[in-house]
Amino acid sequence: MSKKVALTGATGLIGRHLFKALVERGDEVTVLSRSPSHAEKSLPGAMAYIKWDSQMGSQATGYASGLDAVIHLAATPVMDKRWNGEYKNEILKSRQDGTRILVSELGKSSPKPKALVTASAVGYYGVSRVGPLSEKDHPGMDFLAEVCKLWEGEAARAEEFGIRRVSIRLGIVLESSGGALKKMMAPFKYFIGGPLGNGRQGFPWIHIDDVVNIFLLAVDTPSMQGAYNATAPNPVSMEKFSELMGKAMHRPSWLRVPEFMLNLAVGEGAYTITGAPLVLPERLTAMGYKFKYPEAGEALRAIIKKRE
Numbered sequence: 027m028s029k030k031v032a033l034t035g036a037t038g039l040i041g042r043h044l045f046k047a048l049v050e051r052g053d054e055v056t057v058l059s060r061s062p063s064h065a066e067k068s069l070p071g072a073m074a075y076i077k078w079d080s081q082m083g084s085q086a087t088g089y090a091s092g093l094d095a096v097i098h099l100a101a102t103p104v105m106d107k108r109w110n111g112e113y114k115n116e117i118l119k120s121r122q123d124g125t126r127i128l129v130s131e132l133g134k135s136s137p138k139p140k141a142l143v144t145a146s147a148v149g150y151y152g153v154s155r156v157g158p159l160s161e162k163d164h165p166g167m168d169f170l171a172e173v174c175k176l177w178e179g180e181a182a183r184a185e186e187f188g189i190r191r192v193s194i195r196l197g198i199v200l201e202s203s204g205g206a207l208k209k210m211m212a213p214f215k216y217f218i219g220g221p222l223g224n225g226r227q228g229f230p231w232i233h234i235d236d237v238v239n240i241f242l243l244a245v246d247t248p249s250m251q252g253a254y255n256a257t258a259p260n261p262v263s264m265e266k267f268s269e270l271m272g273k274a275m276h277r278p279s280w281l282r283v284p285e286f287m288l289n290l291a292v293g294e295g296a297y298t299i300t301g302a303p304l305v306l307p308e309r310l311t312a313m314g315y316k317f318k319y320p321e322a323g324e325a326l327r328a329i330i331k332k333r334e
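Per the numbering used here, the sequence shown starts with residue 27, numbered consecutively.
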């Protein structure tokens, strides 16, 4: 049976794929966007396109009434710019304020939506920790960990209105046309690829197809509640991931990028690359979810084949 779903962040890296999957399976999708006209041009096929943003919410009333689920992806990208005080505040506010506003709007709906499924991130666990880590582990203490705690805390308020809440702690999403992988592939193309930092840090990756499947599972499964790690079940170190990327691209992985150069290039945010932990999807595994791409080498080969 088709479902009625509202989606924020539909034009983003994950949102584009998730929107397509929802429409293809016959769901009635309402897109909430800062620019409804742009969203309609780039993502045709929704039931409605409603103006919504993370600071003002929406002037439309009743858009969430009776929905099966609201999927909330909209947030300022973490690594699009060099970090400074202003950009860090934007990263935080887009997540904390945006989720608070959305939950308040859902709480005023009648009847209320059955579920709220929000993005979060494995940044919740902090950096430079001995892993692998699971959902049972405590949060970290750095900036991104604090952002994720506040983000999930605002989402959890939906439970006060009787709305089931699921927070998907995303790893590094592997996708053919954008995101971190596209940036990492560029030096390999010119035979100057290699690991970032010392290579011993974790690389908690996940293929975009599994990300989409996990969000759909969260929409469809009433027993899912709380936080779930969306990372592949076989995490690897940065060194190993770079080696596998080189093999998939038929290029060497030899030119290590030292930490000080990353600091020069991206600023304070470099620590999220050089100190990432290994993270396991313990709750998804326990409920029997079967990953389409459990191995990094297989995932990379599929993505590179799609790009060719």
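Just so it is clear, CB atoms sit at the ideal spot from N, CA and C, and this is done for glycine as well.
What you are looking at is a predicted structure, and each value in this text was computed from that prediction instead of being measured.
Annotated three-state conformation of Trp-109 is coil, per DSSP.
One Cα belongs to Pro-230, the other to Ser-279, and the distance between them is close to 19 angstroms. Per DSSP, Lys-273 lies in no beta strand (DSSP E); the unbroken alpha helix (DSSP H) holding it starts and ends at 264-275. Cβ neighbours of Gly-157 within its own chain (closer than 7 angstroms, five residues either side excluded): Gly-228, Pro-303, Leu-304, Val-305.
Closest option to Arg-282, judged by alpha-carbon separation, among Leu-270, Gly-293, Glu-265, Pro-70: Glu-265. In the DSSP annotation of this structure, the continuous segment of the beta strand (DSSP E) that includes His-98 starts and ends at 95-98. A direct Cα-Cα distance of roughly 7 angstroms separates Lys-208 from Ser-202. Under the three-state reduction of DSSP, Leu-159 is assigned to strand. Look at Lys-134 here: in three-state DSSP terms it is coil, with no helix or strand label. Burial state of Ala-101 is buried, judged by a 10 Å Cβ sphere holding 16 or more other Cβ atoms.
Contact annotation: the stretch 141-159 touches the stretch 187-205, with at least three C-beta pairs closer than 8 angstroms.
Annotation: the stretch 189-240 contains the following complete segments of the beta strand (DSSP E) (minimum length 3 residues), in chain order: 190-196, 198-200, 231-233. C-alpha of Lys-318 to C-alpha of His-233: approximately 8 angstroms in a straight line. Glu-321 is a Cβ neighbour of Asn-260, given a cutoff of 7 angstroms. In the DSSP annotation of this structure, Glu-66 is not part of any beta strand (DSSP E); the continuous alpha helix (DSSP H) holding it starts and ends at 62-68.
The beta carbon of Leu-176 is closer than 8 angstroms to those of Leu-118, Arg-121, Gln-122 in its chain, skipping five residues each way along the sequence. Residue environment for Asp-236: buried (at least 16 other C-beta atoms within 10 angstroms of its C-beta). The beta carbon of Leu-39 sits closer than 7 angstroms to those of Val-199, Glu-201, Gly-204, Gly-205, all from its chain and outside the five residues before and after it, given in chain order.
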